[in-house]
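Structure first, commentary second.
Numbering (this note's numbering), first residue to last: -3 to 196.
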């Protein structure tokens, strides 16, 4: 597991891993377009500071519900286009992975994701969080929880990140807004849940 990944020591206690999809799994233009068409028409709503706001990107869970910020992103069945990513991640990172959350970023609309720690509701303790980045390169930024130090990692097409369970508790991550980001990006985040909503 993680043999082809590079380990990054964040603070002497927590680490972060970077890798790349095998070439046959990296979508060409046609396959990327097919994945792009999966995004929902509406933006998901979340609770921030006691009120509902729409996320500045499209979002949809597949295979297992994702519970966070007082909301539940109800999962759709895993599609044939997404199954190879899950199978690869299970074989190469952690066999317990069973839920996918896709985020679609349109740079022309200023899409981003703010600083946060992923919800661990219903997650299997100790399981990593794996993110596959497709499309235009953006910045994946890590910061210590309640700290200001920032560590930036580029997200080229086909990049894979593995965030250990303990690191997610101690460090936040984000994809900040950028005026240079005018293209489209898809992130596929895989997690291990104790109960999947739909069979993978």
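Beta carbons: idealized from backbone N, C-alpha and C, even for Gly.
Straight-line CA distance for residue i to residue j?
{"i": "residue 161", "j": "residue 123", "result": "6 Å"}
{"i": "residue 6", "j": "residue 81", "result": "27 Å"}
{"i": "residue 56", "j": "residue 39", "result": "9 Å"}
{"i": "residue 189", "j": "residue 29", "result": "29 Å"}
{"i": "residue 158", "j": "residue 175", "result": "27 Å"}
{"i": "residue 68", "j": "residue 25", "result": "32 Å"}
{"i": "residue 66", "j": "residue 116", "result": "13 Å"}
{"i": "residue 272", "j": "residue 172", "result": "Absent from the structure is residue 272, since the part of the chain shown begins at -3 and ends at 196."}
{"i": "residue 196", "j": "residue 182", "result": "For residue 196, the predicted structure reports a pLDDT of 47, less than 50, and the residue's modelled location is therefore unreliable. A value from the coordinates is still provided. Roughly 20 Å separates the two Cα atoms."}
{"i": "residue 141", "j": "residue -1", "result": "28 Å"}
{"i": "residue 13", "j": "residue 52", "result": "26 Å"}
{"i": "residue 1", "j": "residue 126", "result": "12 Å"}
{"i": "residue 75", "j": "residue 110", "result": "28 Å"}
{"i": "residue 163", "j": "residue 10", "result": "5 Å"}
{"i": "residue 54", "j": "residue 185", "result": "13 Å"}
{"i": "residue 129", "j": "residue 88", "result": "16 Å"}
{"i": "residue 114", "j": "residue 64", "result": "8 Å"}
{"i": "residue 106", "j": "residue 100", "result": "12 Å"}
Take the Cβ of residue i as the centre, count every other Cβ of all protein chains shown within 10 Å, and call the residue buried at 16 or more, exposed below.
{"i": "residue 36", "result": "exposed"}
{"i": "residue 112", "result": "exposed"}
{"i": "residue 225", "result": "With the chain covering -3 to 196 only, the question about residue 225 has no answer from this structure."}
{"i": "residue 18", "result": "exposed"}
{"i": "residue 215", "result": "Residue 215 cannot be examined here, being either before or after the span of the chain that is shown, -3 to 196."}
{"i": "residue 27", "result": "exposed"}
{"i": "residue 143", "result": "exposed"}
{"i": "residue 121", "result": "exposed"}
{"i": "residue 23", "result": "buried"}
{"i": "residue 3", "result": "exposed"}
{"i": "residue 33", "result": "exposed"}
For residue i, which residues of its own chain have a beta-carbon under 7 Å away from its beta-carbon, when the five flanking residues on both sides are left out?
{"i": "residue 86", "result": "93"}
{"i": "residue 104", "result": "178"}
Going by beta carbon distance, what residues of the same chain come within less than 6 Å of residue i, once the five residues before and after it are set aside?
{"i": "residue 148", "result": "135 and 137"}
{"i": "residue 152", "result": "133"}
{"i": "residue 193", "result": "At residue 193 the pLDDT is 45, less than 50, meaning the model places this residue with poor confidence; the figure from the coordinates comes in the next sentence. So the list reads 60, 61 and 71, once near-sequence residues are dropped."}
{"i": "residue 154", "result": "16, 17 and 22"}
Less than 6 Å between the CB of residue i and some heavy atom of the ligand MG, yes or no?
{"i": "residue 92", "result": "This structure does not include the ligand MG; it has no bound ligands of any sort."}
Taking the DSSP output, what are the residues bridged to residue i?
{"i": "residue 139", "result": "168"}
{"i": "residue 174", "result": "Note: residue 174 sits in no beta bridge, so no partner."}
{"i": "residue 125", "result": "159"}
{"i": "residue 183", "result": "99 and 129"}
{"i": "residue 109", "result": "171"}
{"i": "residue 67", "result": "64"}
{"i": "residue 3", "result": "13"}
{"i": "residue 72", "result": "58"}
{"i": "residue 189", "result": "119"}
Can you list, in chain order, the residues of its chain with a C-beta nearer than 8 Å to that of residue i? Leave out the 5 residues immediately preceding and following it.
{"i": "residue 84", "result": "17, 18 and 21"}
{"i": "residue 145", "result": "139"}
Hey, could you find the ends of the beta strand (DSSP E) residue i is sitting in?
{"i": "residue 57", "result": "54 to 58"}
Just to confirm the assignment, what range does the alpha helix (DSSP H) spanning residue i have?
{"i": "residue 150", "result": "That residue, residue 150, is in no alpha helix (DSSP H); its beta strand (DSSP E) goes 147 to 150."}
{"i": "residue 12", "result": "Looking at the DSSP string, residue 12 is not in any alpha helix (DSSP H); the run it does join, the beta strand (DSSP E), is 11 to 16."}
{"i": "residue 25", "result": "25 to 32"}
{"i": "residue 79", "result": "79 to 88"}
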